[in-house]
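Heads up: the structure comes next, in structure tokens.
Chains as they are written, first to last, in this note's numbering: chain A, 1235 to 1343; chain B, 3 to 113.
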């Protein structure tokens, strides 16, 4: 079965700093999804990547999928306290997803 | 407003007492799924459904049942709940090649 490993497990940054979260799959990904979760709450969809080499941006968040479709990164530029939360990568099809264990991001003002 | 609605949001119950967590979506999505989220284990899929009357096991289906009699509803049934089913549960729906929309979660405690 497919496994997704995220790193780091947790991250503490100062407001205004850039940061990167990585997601590595044991198999080629059909699709890669990034979600954000506030502790104990629902998941908010951020971005979907499907093509090797694809890169998408929304506001200060950029996600990339490598050419082999086994690694993805999420980069946040000039972090803000509103970026704090748990970031999850999910891989698979749109109805059957395997998730990484998440990266807990803390942004200190 | 497009949404996935789960009920109840919180439930404390006892071992062996059958319970149902309901999930309803108003987006006419074909696909629906149930997940559980546990510390250190992350989010794991329990069951999914690709359309009415079509369901299949996810990664951790033991102890759960589902049904999909209508497109909008996908209830999760625990026939005889046990303490190891204490968890945070999420329902999700999607269509076509679009990403899944998640509900707000149901926090279940089984004593």
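Heads up, the beta-carbon is just placed ideally off N, CA and C, and yes, glycines get one too. Keep in mind that this is a model prediction, so the values were computed, not measured.
For residue 27 (chain B), none of the residues of chain A pass the 8 Å Cβ criterion, the least Cβ distance being about 13 Å. Contact of residue 1338 (chain A) with chain B is not assigned, every C-beta pair being separated by 8 Å or more. It is roughly 19 Å from the alpha-carbon of residue 80 (chain B) to the alpha-carbon of residue 105 (chain B). Per the C-alpha coordinates, the member of A:1343, A:1342, A:1334 positioned closest to residue 1269 (chain A) is A:1334. For residue 87 (chain B), no CB of chain A lies under 8 Å from its own CB, so it is not counted at the interface with that chain. In the three-state DSSP reduction, residue 9 (chain B) falls in the strand class (E or B). For residue 1294 (chain A), the closest of A:1251, A:1331, A:1266, A:1343 by C-alpha to C-alpha distance is A:1251. If you check the CB distance, residue 1330 (chain A) and residue 47 (chain B) come in under 8 Å. Taking 8 Å as the cut-off, the Cβ atoms of residue 13 (chain B) and residue 110 (chain B) count as close. Secondary structure note for residue 1248 (chain A): its beta strand (DSSP E) is the uninterrupted segment 1244-1248. In the DSSP assignment, the residues bridged to residue 104 (chain B) are B:94. Contact between residue 113 (chain B) and residue 17 (chain B) holds: their C-beta atoms lie close to 7 Å from each other, under 8 Å. Proximity to residue 74 (chain B) across B:63, B:96, B:100 peaks at B:96, based on C-alpha coordinates.
The C-beta separation of residue 1280 (chain A) from residue 1288 (chain A) comes to about 14 Å, leaving the pair out of contact by the 8 Å criterion. With a beta-carbon spacing of about 5 Å, residue 1307 (chain A) and residue 1256 (chain A) fall inside the 8 Å limit used to define contacts. Taking a Cβ-Cβ cut-off of 7 Å, residue 1321 (chain A) has no neighbours in chain B, whose nearest Cβ is about 12 Å from it. DSSP links residue 78 (chain B) through a beta bridge to B:23, B:68.
Under DSSP, residue 1282 (chain A) forms a beta bridge with A:1267.
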